[in-house]
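Novice:
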Amino acid sequence: LGLALCAGNLCALSGAAFLYHDYCVLGAGPAGLQAAYFLQRAGRDYVVFERSHAPGSFFALYPRHRKLISINKQYTGKSNSEFNLRHDWNSLLSHDRRLLFRRYSRDFFPDADAMVRYLEDFASLLELRVQYNTAIIHVTLERNGQAWNGHYFLLTDQDRKNYKCSSLLVATGTWVPNVVNFPGSEHVEGYETVSTNPEDFAGQTVLILGRGNSAFETAENILGVTNFIHMVSRSRVRLSWATHYVGDLRAINNGLLDTYQLKSLDGLLEGDLEDLAIIKDKKGKLHVTLRFYLENRNISAGIDSITLPQDELDNFATRAPYDRVIRCLGWKFDFSIYNRSLRMMPGKGNIKKYPQIKPSYESRGTRGLFVLGTASHSVDFRKSAGGFIHGFRYTTRAVHRLLENRHHGVPWPCTVYPITQLTNSIIKRVNEASGLYQMFSVLADIILLRENATAFEYLEEYPVGVLAELEMQTGRKAPSGLFVIIMEYGRNFSGADKDVFYYNRAVGEAQHAWQSNFLHPVIYYYKCLPTEREMSLRPPEWPLPRPDAIHHIVEDFLTDWTAPNAHILPLRRFLENCLSTDLRSFFAESCFLFAFTRQKLPPFCQQGYVRMQGLVGSEGLRRHAVQAGLLQDYTLTDFSGDTSPASHDRSQDQLLKDQVIPLRPLQHLVNAKDE
926 LGLALCAGNL CALSGAAFLY HDYCVLGAGP AGLQAAYFLQ RAGRDYVVFE RSHAPGSFFA
986 LYPRHRKLIS INKQYTGKSN SEFNLRHDWN SLLSHDRRLL FRRYSRDFFP DADAMVRYLE
1046 DFASLLELRV QYNTAIIHVT LERNGQAWNG HYFLLTDQDR KNYKCSSLLV ATGTWVPNVV
1106 NFPGSEHVEG YETVSTNPED FAGQTVLILG RGNSAFETAE NILGVTNFIH MVSRSRVRLS
1166 WATHYVGDLR AINNGLLDTY QLKSLDGLLE GDLEDLAIIK DKKGKLHVTL RFYLENRNIS
1226 AGIDSITLPQ DELDNFATRA PYDRVIRCLG WKFDFSIYNR SLRMMPGKGN IKKYPQIKPS
1286 YESRGTRGLF VLGTASHSVD FRKSAGGFIH GFRYTTRAVH RLLENRHHGV PWPCTVYPIT
1346 QLTNSIIKRV NEASGLYQMF SVLADIILLR ENATAFEYLE EYPVGVLAEL EMQTGRKAPS
1406 GLFVIIMEYG RNFSGADKDV FYYNRAVGEA QHAWQSNFLH PVIYYYKCLP TEREMSLRPP
1466 EWPLPRPDAI HHIVEDFLTD WTAPNAHILP LRRFLENCLS TDLRSFFAES CFLFAFTRQK
1526 LPPFCQQGYV RMQGLVGSEG LRRHAVQAGL LQDYTLTDFS GDTSPASHDR SQDQLLKDQV
1586 IPLRPLQHLV NAKDE
């Protein structure tokens, strides 16, 4: 009978109806909604599964004390929307100007409820296809040679409904609380359930396990009502202003550092939490001891029969009993719903809370499975902003562009410019691009040079970790070399033990630009596309392999890289040296003279003046050029011997009238000169 029932269930599963979509997105948080937006704009077949009744369910509960640490800067002094996103860490990318987060809150650190409202409006106003109250409880594979990736993804929800898709985008975030099990851990309260009412802690002594923003957020909430707070963690505190990593401790939550260093009873300790043990006495007080003291002892026998550290060391740091112990250890990815066939494995070391993925954000175990949002942070953990909205809104767009090329034959978007616009294009992007700025060292602009360097293709915000795969991933070719534009901090300027406020920390002169500490643009030049081997052998902490040439644009206090001498001139000369050409712009008179005095005209003259394009001359413009030393004042030279003022005026008028040179005769002169 049992065998018959089992066989019947198998037949039912094999015959179950599957609702098909090209793309399935798990989770309607910020990353899931961002992915849905791009899929919808591209006209793709997709669905978003959300287990809650509304989008952004994580923000309905977290942070517990309702204050976000993502900045919401209302004013920057500029109207450039792309630039302003550099200082808007909450908005998702869209074409709808109503969906800027500053319209939902004016607070610099907004309330989490504003984020919930924002995500609800983002989903509804853009009419994204989100299926609510649908919890996907199992994901497996079905091998099929006709599928995009050689298999389909089969999904089952809580009502046993089945779905099938060709590509799976996982945007569920990290929401499973990290729990450390040790003797007495049942007496520990979790961050996810602990009271947020400070009065519940009045006159109590509290121990907090953890040292991230959730731990300090909890401490900040009860700092003024407790006897004292102790905080224990495995590692030392990391300050975000020292590490330049927004996930480390932010200033808004670090009040306990003041009370610790100013000796107001609170304190920080370092220790492995797995070595701890907690014992509860008859009065309900919690005593901290070490695990090895409990070996071969029964913890239920009572505290009087157990040796405590203070019995041997009378000044043991945590000898005072605590009223409450709170666990604030962050979250990890939920691996439980994925069948073993998907090979969704956790990372190693300090990224074990994230799934293993490639720099392209595709799972290392399964083709066609991409991880988006916070769960994809293993690519740039403690390096950039990929675990936060202001970072993963750009990496999600990058993944969408990769998918468009792979499955629909749509190449990575690019703009083609003449080579004379190379300097201007770079300067424009480094001064306004928000993706480069937020995802420094991870996303880069790529300039693909065309044959003979007469023109170039400009690709924006490509993941540098897959630079070797650029031609396959983008559908673009790089036969004649390329430039990679990326933003970087100084090599030795970031770290928990760094003094980032030391005297002379900033570099101001262009010749020392390579020593810049603060975020600044760096341009790598490669004569050919780097290989996979070169990417794997790149120097430690380098985002890219060693280039044929490299240029640092000197850091700027205003992050405004438009200074003619400090920023633009060194960049232009670097580009000219790489390309062996002249990228300057010239007046028509100069191009005319070059036609007689040079074997090869500069690109600006070839692409502008010879084609009867360029600036329209005027007397004021000519005088300015003469005064600036850009033109020789030929009007003062009289070959006929007539030096009268009238003759001088006539020569000036004649020069202004004879601005346009017929194309055919000029080209004839150029060819004659070349011969």
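For the sequence shown, the positions run 926 to 1600 when our numbering is used.
Backbone N, C-alpha and C fix where the C-beta goes; we use that ideal spot for every residue, glycine too.
Taking all protein chains shown into account, decide if Asn1183 is buried (16 or more other Cβ within 10 angstroms of its Cβ) or exposed.
Specialist: Here residue 1183 turns out to be Asp, not Asn, going by the sequence shown. With fewer than 16 other Cβ atoms within 10 Å, it is exposed.
Novice: Can you name the residues that DSSP bridges to Asp1370?
Specialist: For Asp1370, which the question treats as bridged, DSSP gives the partners Ile1410.
Novice: Would you tell me roughly how many angstroms separate the C-alpha atoms of Arg1011 and Thr1320, rounded to the nearest one?
Specialist: Each residue's alpha carbon lies about 15 angstroms from the other.
Novice: Ignore the nearest five residues each way along the sequence and tell me which others in Ile1672's own chain have a CB closer than 7 angstroms to its CB.
Specialist: Missing from the structure shown is residue 1672; the chain here goes from 926 to 1600 and no further.
Novice: Could you work out which residue in Ser1301, Arg1375, Ala1369 is closest to Asp1259 when comparing CA atoms only?
Specialist: Looking at the Cα atoms, Ser1301 is the closest of the given residues.
Novice: From the DSSP output, in three-state form, read off Thr1568 for me.
Specialist: Only weak support exists for where Thr1568 lies, its pLDDT of 49 falling under 50; the coordinates are left without a value.
Novice: Entirely within the region 1196-1277 and at least 4 residues each: give me those alpha helix (DSSP H) ranges in chain order.
Specialist: 1234-1237, all fully within the region 1196-1277.
Novice: Let me check one thing: in DSSP terms, what residues is Asn1474 bridge-paired to?
Specialist: It is worth fixing the name first, because residue 1474 is Ala in this sequence and not Asn. Its beta-bridge partners are Tyr1450.
Novice: Pick out the complete alpha helix (DSSP H) segments inside the region 1463-1546, 4 residues or longer, and give them in chain order.
Specialist: Runs found: 1494-1504, 1513-1522.
Novice: Return helix, strand or coil for Tyr1319, following the three-state DSSP convention.
Specialist: If DSSP states are grouped into helix, strand and coil, Tyr1319 belongs with the helices.
Novice: What are the boundary residues of the alpha helix (DSSP H) that Lys1353 is part of?
Specialist: Start and end: 1347-1357.
Novice: On the premise that Leu1267 lies in contact with Val972, defined as a C-beta separation below 8 angstroms, what is that separation, rounded to the nearest angstrom?
Specialist: The pair is not a contact, with the Cβ atoms about 19 angstroms apart (cut-off 8 angstroms).
Novice: Are the beta-carbon atoms belonging to Glu1466 and Arg1416 less than 9 angstroms from one another?
Specialist: Contact flag set, yes.
Novice: Roughly how many angstroms separate the alpha carbons of Asp1236 and Arg1244, rounded to a whole number?
Specialist: Roughly 9 angstroms separates the two Cα atoms.
Novice: Rounded to whole angstroms, what's the CA-CA distance from Gln1579 to Ala1520? Just pull it up for me.
Specialist: Interpretation of Gln1579 is limited by its pLDDT of 48, a score under 50 that renders its predicted location unreliable; the figure taken from the coordinates is listed afterwards. Each residue's alpha carbon lies about 20 angstroms from the other.
Novice: Taking the straight line between their C-alpha atoms, what separation do you get for His978 and Asn1058?
Specialist: The straight-line gap from Cα to Cα measures roughly 5 angstroms.
Novice: For Gln1363, does the count of other Cβ atoms within 10 angstroms reach 16, so buried, or fall short, so exposed?
Specialist: By the neighbour-count rule (16 or more Cβ atoms within 10 Å), Gln1363 is buried.
Novice: Whole angstroms is fine: what's the gap from Glu1459's alpha carbon to Pro1470's?
Specialist: Roughly 6 angstroms between the two C-alpha positions.
Novice: Does the separation of the CB atoms of Tyr1383 and Tyr1342 fall below 9 angstroms?
Specialist: Yes, the Cβ-Cβ distance between Tyr1383 and Tyr1342 is below 9 angstroms.
Novice: DSSP three-state call for Gly1192: helix, strand or coil?
Specialist: Correct three-state label for Gly1192: strand.
Novice: If you drop the 5 nearest sequence neighbours on each side, which residues of the same chain put their C-beta closer than 7 angstroms to that of Glu1199?
Specialist: Same-chain partners within the cutoff: Val1105, Phe1107.
Novice: From the DSSP secondary-structure annotation, give me the bridge partner or partners of Thr1130.
Specialist: In the DSSP output, where bridge partners are listed per residue, Thr1130 has Phe1153.
Novice: Cα separation between Ala1048 and Pro1527?
Specialist: In a straight line, the C-alpha of Ala1048 is about 52 angstroms away from that of Pro1527.
Novice: Keeping to the same chain, check which residues put their C-beta closer than 7 angstroms to that of Ala919; ignore five residues upstream and five downstream.
Specialist: This structure gives no information on residue 919, because the portion of the chain shown stretches from 926 to 1600.
Novice: Using only the alpha-carbon positions, how far apart do Trp1166 and Tyr1428 sit?
Specialist: Near 16 angstroms, if we compare the C-alpha coordinates of Tyr1428 and Trp1166.
Novice: Helix, strand or coil for Glu975? Go by DSSP, reduced to three states.
Specialist: Of the three classes helix, strand and coil, the one that applies to Glu975 here is coil, per DSSP.
Novice: Along the chain, where does the beta strand (DSSP E) containing Tyr1387 start, and where does it finish?
Specialist: Here the beta strand (DSSP E) through Tyr1387 covers 1380-1388.
Novice: Tell me where the beta strand (DSSP E) around Arg1022 begins and ends.
Specialist: No beta strand (DSSP E) contains Arg1022, which DSSP labels as neither H nor E.
Novice: If I measure Cβ to Cβ from Glu1142 and keep anything under 7 angstroms in the same chain, skipping five residues before and after, which residues do I get?
Specialist: Once the five neighbours on either side are set aside, the close Cβ partners of Glu1142 are Pro988, His990, Asn1178.
Novice: Please report the straight-line C-alpha distance between Asp1125 and Val1157, rounded to a whole angstrom.
Specialist: When rounded, the distance between both Cα atoms is 22 angstroms.
Novice: With which residues is Thr1081 paired in a DSSP beta bridge?
Specialist: According to DSSP, which records beta bridges pairwise, Thr1081 is partnered with His1063, Asn1087.
Novice: Let me check understanding here. Comparing Cα to Cα, which of Ser1441, Leu1518, Ile1475 lies closest to Asp1481?
Specialist: That would be Ser1441, whose Cα lies nearest to the Cα of Asp1481.
Novice: I'd like to check one pair, Phe1306 with Tyr1279: are the Cβ atoms closer than 9 angstroms?
Specialist: Yes, Cβ-Cβ distance for Tyr1279 and Phe1306 is below 9 angstroms.
Novice: Of the choices Ser1288, His1212, Phe974, Leu1044, whose alpha-carbon is the least far from that of Met1270?
Specialist: Of the listed residues, the one whose Cα sits closest to Met1270 is Ser1288.
Novice: Taking 8 angstroms as the limit between beta carbons, can you name the residues of its chain near Ala1633, skipping five residues before and five after?
Specialist: Only positions 926 to 1600 of the chain appear in the structure, and residue 1633 is not among them; the question remains open.
Novice: Would you call the region 1126-1135 in contact with the region 1246-1253, where contact means no fewer than 3 C-beta pairs closer than 8 angstroms?
Specialist: Flag = yes, the region 1126-1135 and the region 1246-1253 touch.
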